[in-house]
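**Student:** Take this structure first; my questions come after.
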Amino acid sequence: MSVPGCVERAEAGDQAAVRDGGAEGLVPDLRQLWAFSLGDPRVCIAVLDGPIDSAHPCFDGALLRQVNSLGITAGHARAALRHGTYVASLIFGQHHSGVRGIAPKCRGVLIPVFVGQEDGSLVPCSQLNLARAISLAVAVGANVINISAGVYDETGESEAPLVRAIRLCQDQGVLIVAAAGNEGCACPHVPAASPAVLAVGAAGRDGEPLEFSNWTDLYRGHGVLAPGEAVAGAAPQGQTGLASGTSVATAIVSGVVGLLASCQLRYGRKVDVREIKAAILKGADQCREVVAADCRRWLSGRLSVSQTLALISQGEGSTMSNSNLPETAVNLPCPQVPAESSASAGAGGRGDDNVALPPSEGRPTRGTEVPLPMLVETERRFVYALGQIAYDFSSEARRDALVQAGGPEVIKEPAALLAFLKKSPWEATAVTWTLQQEATPIYALQPVGPFGRDTYQRIFDLLKSQLEEGVSQVSIPGVLGPPITLLNGYQIPVIFPEIRGMFGWSTTQLIQEVLGPRPKDPDKQTEYDQVEEEIHNFLDRLYYELSNLGVAPPERAINYAATNLYQVASVYKDAVKKKRKLDRITTERSQVCRPSSECWDVILTLFDPERRKNKAREVYRLTVDVSEVIPVTIGKLRRWSVY
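Residue 16 is where the sequence shown starts when you use the numbering used here, and the numbers rise one by one after that.
Here's what the structure looks like:
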């Protein structure tokens, strides 16, 4: 995953050009929108980019937090720092500074995903790590995720982990805004090519698509142009400068989405980014074939703030004064910001001086007023992941030391390694223990604390069970730690595992434990086999179709449900009796939850395959509390019918 380069158009010292490149002068009707809202701290915009220069004056007073799951810091490289600082300033730049961001009062979460090298180039971010960052953004309550980056793919299809992360955003009502790419060709980039993503191309000062802005038929139904030529933004060490590119346009659109979501809240409505995306696409200025050389380059059209506002208003039937807006923007859904609200969030005060801190563990509820202090580094992040135990080495020296101590077979044969560690358990720290999915390492396991030795032994036992007993899945709850580098140079985050929730099972053994031994009565055997088949279907879909990284609360809830078949088994017994089949498995935040908890409902929907249109579906709901490192179910399994 590479960063679409921002093409430099002016030197940082050209102050006249910088003043002329402010977003307010390039985005039509932005000033009028600012008259109603500069953003709302209940709206969270996550920026997945490089680290930022947090000392830049434009961020003084911004409600920002940096969540650093990949261990990337500002000291890693100039290129990543420059790109990250610039993109973040376009959204969050405070209006008392030289860089006036689009949505300065929205809450921001910065998740660095890019790092630079000594030669100034950027190290690409893998799709797996991008998926990890997206899941983390959902976990911390993002409404909008800005990805001013992408990687070319001829098919436009993302890898499986990224597909699942995008689907998670769809399910949780989070909008990803991603750059179309800067190659100047009909070249799809991921994640922008996904229909669920709002793809953004770059327009010039004349409103026409810039030559380097990508286009493709895959963007036509969900892509929009936005200003992307010579736009002023922040640079490290307190500087400002101009840059051009789809990265620029993407940040502008993300900021506009944040403002529109803020308007929804200030009018007493809930944030609905799906409505905003649809309004942006429908309200976009259309290409006129008689004027444009190639209308394909326009995607779905060019961003129109006024027409988007009008569409949002018409969809809700709201009315309000439009004296400060153009005639095309009527019935706007965003009332005037109260004077006292503006004063309390004024240019002179820092955000953390005026607002309350978020609730426990830093897991804010999406759309609630929990603005964050500036750049709080990594906090405790719970993980509940499923996969298989494997191992690697952090360096050739570690690997060679183990060979010298136990012989060459210990690094080649897992059974030989386990036999060696049984005699020399202190050598366990020379091995990097990993959790993998589909033969891809996703986490490193690093036992710590008073039960560290017992946790290592549990890891040994799980690996042995995989080798000898056919165990196909293990559950690893824990706390997310900093990244570690594998022998091939690939970085993955560490989990500090919690031994209480570490289990391994084979599907067949788990079903037998739930259902008991197969009965001898032929009639009961038939029913038993049908229930067994249904549970196999459920687990296969859960492990493969819904496979995830176990970071976001809904991911942790659904993973825990996979290990709690004793409650879920009754669903399939009913399914067999009523001849129902599993339709889908979804999650949603529970409407009722005990204090200091975070509750999610895992919902299983069954249907009658022979009477799909005229027979009610059966819905089963299991509530899971994910507020602690090991989730727990609440109450009983509930059931009802829906049409």
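Beta carbons: idealized from backbone N, C-alpha and C, even for Gly.
#1: Determine, using beta carbons only, whether residue 605 and residue 578 come nearer to each other than 7 Å.
#2: Relative to the alpha-carbon of residue 35, which residue among 168, 245, 104, 183 has its alpha-carbon at the smallest distance?
#3: How would you call residue 200, buried or exposed, if buried means at least 16 neighbouring beta carbons within 10 angstroms?
#4: Report the three-state DSSP secondary structure of residue 234 (helix, strand or coil).
#5: For residue 54, which residues of its own chain have a beta-carbon under 7 Å away from its beta-carbon, when the five flanking residues on both sides are left out?
#6: Taking the straight line between their C-alpha atoms, what separation do you get for residue 656 and residue 603?
#7: Would you list the one or two residues that DSSP bridges to residue 599?
#8: Rounded to the nearest angstrom, how far is the Cβ of residue 156 from that of residue 314, given a contact under 8 Å?
#9: Can you tell me whether residue 262 is buried or exposed, with buried defined as 16 or more other CB within 10 angstroms of its CB?
#10: In the DSSP output, which residue or residues are listed as bridge partners for residue 495?
#11: Buried or exposed for residue 218, going by 16 or more other Cβ atoms inside 10 Å?
#12: Can residue 180 and residue 146 be called in contact, C-beta distance under 7 Å?
#13: Do you know offhand how far residue 404's Cα is from residue 270's?
#14: Please state whether the Cβ-Cβ distance between residue 397 and residue 189 is less than 7 Å.
#15: Using C-beta distances below 7 Å, list every residue in its chain close to residue 511, excluding the 5 sequence neighbours before and after it, in chain order.
#16: Would you tell me roughly how many angstroms separate the C-alpha atoms of residue 619 and residue 634, rounded to the nearest one?
#17: How many angstroms separate the CA atom of residue 290 from the CA atom of residue 524?
#18: Among 588, 40, 652, 504, which residue has its Cα nearest to the Cα of residue 526?
#19: I need the straight-line Cα distance from residue 658 to residue 622, nearest angstrom please.
#20: Over what stretch of residues does the alpha helix (DSSP H) that includes residue 448 continue unbroken?
#21: Mind checking whether residue 487 and residue 439 have CB atoms under 7 Å apart?
#22: What do you get for residue 115, buried or exposed, if any count of 16 or more other CB atoms within 10 angstroms of its CB means buried?
#23: On the CB-based measure, 16 or more other CB atoms within 10 Å of its CB, does residue 515 come out buried or exposed?
#24: Taking 7 Å as the CB-CB cut-off, is residue 205 touching chain C?
#25: Nearest to residue 465 by CA position, among 513, 448, 553, 506, is which residue?
#26: Ordered along the chain, which non-local residues of its own chain (more than five positions away) have a Cβ less than 7 Å from that of residue 572?
#27: At 3 residues or longer, what runs of the beta strand (DSSP E) sit wholly inside the segment 113 to 161?
#28: Can at least three beta-carbon pairs, one atom from the segment 313 to 328 and one from the segment 223 to 239, be found at a separation below 8 Å?
#29: CA-CA distance, residue 111 and residue 73?
#30: Closest to residue 170 by C-alpha separation, out of 205, 152, 184, would be which residue?
#31: Out of 558, 583, 534, which has the shortest C-alpha to C-alpha gap to residue 738?
#32: Taking the alpha helix (DSSP H) that residue 433 belongs to, which residues open and close that run?
#33: Straight-line CA distance for residue 446 to residue 624?
#34: In whole angstroms, what is the alpha-carbon distance linking residue 333 and residue 294?
#35: For residue 524, write down the residues that DSSP places opposite it in a beta bridge.
**Tutor:** Let me lay it out:
#1: Numbered from 1 along the sequence shown, position 590 holds the residue referred to as residue 605. Numbered from 1 along the sequence shown, position 563 holds the residue referred to as residue 578. Result no, Cβ atoms of residue 605 and residue 578 do not sit closer than 7 Å.
#2: By 1-based counting over the sequence shown, the position of residue 35 is 20. Closest by alpha carbon: 245.
#3: The residue given as residue 200 occupies position 185 in the sequence shown. So residue 200 ends up on the exposed side.
#4: On the sequence shown, residue 234 is found 219 positions in, with the first residue counted as 1. In this structure, residue 234 counts as helix in the three-state DSSP scheme.
#5: Counting from 1 along the sequence shown, the entry for residue 54 is found at position 39. Excluding residues within five positions, the ones whose Cβ falls inside 7 Å are 118, 119, 120, 121, 273, 274, 277.
#6: Here residue 656 refers to the residue found at position 641 of the sequence shown. Here residue 603 refers to the residue found at position 588 of the sequence shown. Going by the C-alpha atoms only, they are around 18 Å apart.
#7: Counted from its first residue, the sequence shown places residue 599 at position 584. Beta-bridge pairing links residue 599 to 620.
#8: Taking the sequence shown and counting its residues from 1, the one referred to as residue 156 is at position 141. Taking the sequence shown and counting its residues from 1, the one referred to as residue 314 is at position 299. Going by Cβ atoms, the distance from residue 156 to residue 314 rounds to 29 Å, so no, they are not a contact pair.
#9: The count along the sequence shown starts at 1 and reaches residue 262 at position 247. Under this definition residue 262 is a buried residue.
#10: For this step, residue 495 is matched to residue 480 along the sequence shown. BP columns for residue 495 point to 510.
#11: Residue mapping note: residue 218 aligns to position 203 of the sequence shown, counting from 1. By the 10 Å Cβ count, residue 218 comes out buried.
#12: Taking the first residue of the sequence shown as position 1, residue 180 is located at position 165. Taking the first residue of the sequence shown as position 1, residue 146 is located at position 131. Going by C-beta atoms, residue 180 is nearer than 7 Å to residue 146.
#13: By one-based count along the sequence shown, residue 404 stands at place 389. By one-based count along the sequence shown, residue 270 stands at place 255. Going from the Cα of residue 404 to the Cα of residue 270 covers about 42 Å.
#14: Start at 1 with the first residue of the sequence shown, and residue 397 comes out as number 382. Start at 1 with the first residue of the sequence shown, and residue 189 comes out as number 174. No; because the gap between Cβ atoms is not below 7 Å, this pair is not in contact.
#15: Here residue 511 refers to the residue found at position 496 when the sequence shown is read from its first residue. These residues qualify, in order along the chain: 461, 463, 493, 494, 496.
#16: The sequence position of residue 619 within the sequence shown is 604, counting from 1. The sequence position of residue 634 within the sequence shown is 619, counting from 1. Rounded to the nearest angstrom, the two C-alpha atoms are 6 Å apart.
#17: Numbered from 1 along the sequence shown, position 275 holds the residue referred to as residue 290. Numbered from 1 along the sequence shown, position 509 holds the residue referred to as residue 524. Cα-Cα distance, rounded: 46 Å.
#18: On the sequence shown, position 511 is the one that residue 526 refers to. Per the Cα distances, 588.
#19: Along the sequence shown, one-based indexing puts residue 658 at 643. Along the sequence shown, one-based indexing puts residue 622 at 607. Roughly 10 Å separates the two Cα atoms.
#20: On the sequence shown, residue 448 is found 433 positions in, with the first residue counted as 1. Element bounds for residue 448: not the alpha helix (DSSP H) but the beta strand (DSSP E), 447 to 452.
#21: Your numbering for residue 487 matches position 472 in the sequence shown. Your numbering for residue 439 matches position 424 in the sequence shown. No. Outside cutoff.
#22: Locating residue 115 in the sequence shown gives position 100, counting from the first residue. Buried, since its Cβ has 16 or more Cβ neighbours within 10 Å.
#23: For the purposes of this step, residue 515 is identified with residue 500 of the sequence shown, where counting begins at 1. It is exposed - the Cβ of residue 515 has fewer than 16 other Cβ atoms within 10 Å.
#24: Absence of chain C from the displayed structure is noted, only one protein chain being present.
#25: The sequence position of residue 465 within the sequence shown is 450, counting from 1. Answer by Cα proximity: 513.
#26: Residue numbering aside, residue 572 sits at position 557 when the sequence shown is read from its first letter. Within the same chain, residue 572 has close Cβ partners 602, 615, 617, 639, 641, 646.
#27: 122 to 127
#28: yes
#29: In the sequence shown, counting from the first residue as 1, residue 111 sits at position 96. In the sequence shown, counting from the first residue as 1, residue 73 sits at position 58. Whole-angstrom Cα-Cα distance: 8 Å.
#30: Counted from its first residue, the sequence shown places residue 170 at position 155. Ranking 205, 152, 184 by Cα distance to residue 170 puts 205 first.
#31: For residue 738 there is no data in the structure shown, the boundaries of the chain being 16 and 658.
#32: As a working mapping, residue 433 is identified with position 418 in the sequence shown. Segment 429 to 438, the alpha helix (DSSP H) holding residue 433.
#33: In the sequence shown, residue 446 corresponds to position 431, counting from 1. In the sequence shown, residue 624 corresponds to position 609, counting from 1. Looking at the two C-alpha atoms, the distance is approximately 50 Å.
#34: To locate residue 333, count along the sequence shown from 1; it is residue 318. To locate residue 294, count along the sequence shown from 1; it is residue 279. Reliability of the predicted coordinates at residue 333 is poor, the pLDDT of 38 falling under 50, and the value obtained from them is presented with this limitation in mind. Roughly 15 Å between the two C-alpha positions.
#35: Locating residue 524 in the sequence shown gives position 509, where the first residue counts as 1. For residue 524, which the question treats as bridged, DSSP gives no partner whatsoever.
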